[in-house]
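Chains as they are written, first to last, in my numbering: chain A, 1 to 115; chain B, 116 to 226.
Ideal Cβ placement from N, Cα and C applies to all residues, glycine included.
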Amino acid sequence: KAGVTQTPRYLIKTRGQQVTLSCSPISGHRSVSWYQQTPGQGLQFLFEYFSETQRNKGNFPGRFSGRQFSNSRSEMNVSTLELGDSALYLCASSILTDRGIGELFFGEGSRLTVL
Amino acid sequence: GQSLEQPSEVTAVEGAIVQINCTYQTSGFYGLSWYQQHDGGAPTFLSYNGLDGLEETGRFSSFLSRSDSYGYLLLQELQMKDSASYFCAVRALSNDYKLSFGAGTTVTVRA
Chain A
1 KAGVTQTPRY
11 LIKTRGQQVT
21 LSCSPISGHR
31 SVSWYQQTPG
41 QGLQFLFEYF
51 SETQRNKGNF
61 PGRFSGRQFS
71 NSRSEMNVST
81 LELGDSALYL
91 CASSILTDRG
101 IGELFFGEGS
111 RLTVL
Chain B
116 GQSLEQPSEV
126 TAVEGAIVQI
136 NCTYQTSGFY
146 GLSWYQQHDG
156 GAPTFLSYNG
166 LDGLEETGRF
176 SSFLSRSDSY
186 GYLLLQELQM
196 KDSASYFCAV
206 RALSNDYKLS
216 FGAGTTVTVR
226 A
């Protein structure tokens, strides 16, 4: 079956702009989570959604927002981009319906460069 | 909050055994997972330990001791393709069940 699909794969923005990233989970997976990955910082948790509800949010400023649609697809938005937002943004989906850790299936990520 | 500690780098030769330790500080611990990420690739799931003990999956094994807040990933019969970053991850009540990853261990396999 198809894996987690993230679009776009690469994008370049300038400071002050905003960006929207998209994630299509594996069919049947209702849980979607987002992570920011930067060198030396590892994977930092951004959000987690289940059935269109945000279950959890990481320690990021309000410029970072997200949502999940009825078909489980998810988007995240970063407004007023800063240079420090340059990172690989990873989306993961899971079949889990509770807070068990289980197995996450990651997409290839969207690499954002802010100039 | 919670913290996870794992070594930043490990280098070994083909055929060797490597153990990557992960210690965590948390309460309401749920379980420990391990992920592998090759350069430029997506993280992929390797193993999950919810209970104490050893889980074996082919050349890779993972161990958990809840009483010691400690786990490890054991890579046996190392191959060049095992050169990658390895992340431990925990979810716990103390962090409102957010999934927390360690900073990752870069494993380099030499011929």
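Whether residue i touches residue j by CB criterion (7 angstroms)
| i | j | result |
| --- | --- | --- |
| PHE124 (chain A) | VAL4 (chain A) | Past the edges of chain A, shown from 1 to 115, lies residue 124 (chain A), and the structure says nothing about it. |
| ARG177 (chain A) | PHE50 (chain A) | The requested residue 177 (chain A) is not part of the displayed model; chain A covers only 1 to 115. |
| GLN37 (chain A) | ALA92 (chain A) | no |
| GLU170 (chain B) | SER180 (chain B) | no |
| LEU190 (chain B) | GLU129 (chain B) | no |
| VAL222 (chain B) | MET195 (chain B) | no |
| ALA111 (chain B) | GLU108 (chain A) | Summary: the structure shown does not reach residue 111 (chain B), with chain B confined to residues 116 through 226, and so no result is reported for it. |
| VAL133 (chain B) | THR220 (chain B) | no |
| SER79 (chain A) | LEU21 (chain A) | no |
| SER33 (chain A) | GLU48 (chain A) | yes |
| PHE216 (chain B) | LEU96 (chain A) | no |
| LEU90 (chain A) | TYR35 (chain A) | yes |
| LEU81 (chain A) | GLN17 (chain A) | yes |
| GLY146 (chain B) | GLY165 (chain B) | yes |
| LEU83 (chain A) | PHE60 (chain A) | no |
| LEU115 (chain A) | THR14 (chain A) | yes |
Which listed residue (the options) has its alpha carbon closest to that of residue i
| i | options | result |
| --- | --- | --- |
| SER123 (chain B) | B:TYR201, B:SER142, B:ASP197 | B:TYR201 |
| GLU120 (chain B) | B:MET195, B:ALA204, B:GLY146 | B:ALA204 |
| ASP183 (chain B) | B:TYR139, B:SER118, B:ALA157 | B:TYR139 |
| LEU208 (chain B) | A:LEU21, A:GLY40, A:VAL78, A:ASN56 | A:ASN56 |
| GLY173 (chain B) | B:LEU188, B:ARG206, B:ASP167 | B:LEU188 |
| GLY28 (chain A) | A:THR7, A:ARG67, A:ASN71 | A:ASN71 |
| SER24 (chain A) | A:LEU46, A:LYS13, A:SER94 | A:SER94 |
| GLU103 (chain A) | B:GLN151, B:ILE135, B:SER118, B:ASN210 | B:GLN151 |
| PHE160 (chain B) | B:ALA226, B:ASP197, B:SER148 | B:SER148 |
| GLN137 (chain B) | B:LYS213, B:SER118, B:ALA226 | Looking at the sequence shown, residue 137 (chain B) is not Gln but Cys. Checked all of B:LYS213, B:SER118, B:ALA226; the closest Cα to CYS137 (chain B) is B:SER118. |
| ASP211 (chain B) | B:ALA131, B:SER142, B:GLY186 | B:SER142 |
| ALA226 (chain B) | B:LEU214, B:LYS213, B:ASP197 | B:ASP197 |
| ARG67 (chain A) | A:ASP85, A:THR53, A:PHE45 | A:THR53 |
| PHE144 (chain B) | B:ALA218, B:ASP167, B:ALA127 | B:ASP167 |
| SER162 (chain B) | B:PHE175, B:ASP154, B:LYS213 | B:PHE175 |
| GLY58 (chain A) | B:HIS153, B:ALA127, B:LYS213, B:ALA218 | B:LYS213 |
is_contact[residue i, chain E] using C-beta, thresh 7 angstroms
| i | result |
| --- | --- |
| GLY173 (chain B) | Absence of chain E from the displayed structure is noted, the protein chains being A and B. |
Which runs of the beta strand (DSSP E) fall wholly inside the stretch 178-204 of chain B and span at least 3 residues, in chain order?
Within the stretch 178-204 of chain B, the complete beta strand (DSSP E) runs of at least 3 residues are 185-190.
Just by C-beta distance, which residues in the stretch 156-169 of chain B are closer than 8 angstroms to chain A?
Residues GLY156, ALA157, PRO158, THR159, PHE160, TYR163, GLY165.
What are the residues of the stretch 30-43 of chain A that lie near chain B, defined by any Cβ-Cβ distance shorter than 8 angstroms?
Of all residues in the stretch 30-43 of chain A, only SER33, TYR35, GLY40, GLN41, GLY42, LEU43 place a beta-carbon less than 8 angstroms from a beta-carbon of chain B.
Whole beta strand (DSSP E) elements within the stretch 5-76 of chain A, 3-residue minimum
Taken in chain order, the complete beta strand (DSSP E) segments of 3 or more residues contained in the stretch 5-76 of chain A are 5-7, 10-13, 19-24, 31-38, 42-50, 53-57, 64-68.
Taking a cut of 8 angstroms between CB atoms, which residues from the stretch 193-215 of chain B lie near chain A?
Residues passing the 8 angstroms Cβ filter: PHE202, ALA204, VAL205, ARG206, ASP211, TYR212, LYS213, LEU214, SER215.
Along the stretch 51-74 of chain A, what residues have a CB closer than 7 angstroms to any CB found in chain B?
Here the close residues are ASN56, GLY58.
Below 8 angstroms between beta carbons is the criterion; list the residues of the stretch 123-147 of chain B that meet it against any residue of chain A, in chain order.
Result list: TYR145, GLY146, LEU147.
Which residues, taken in chain order from the stretch 18-30 of chain A, show a beta carbon closer than 7 angstroms to some beta carbon of chain B?
Within the stretch 18-30 of chain A, no residue has a Cβ that lies closer than 7 angstroms to any Cβ of chain B.
Which parts of the stretch 125-154 of chain B are runs of the beta strand (DSSP E), unbroken and 3 residues or longer, counting only runs that do not cross its ends?
Runs found: 133-140, 144-152.
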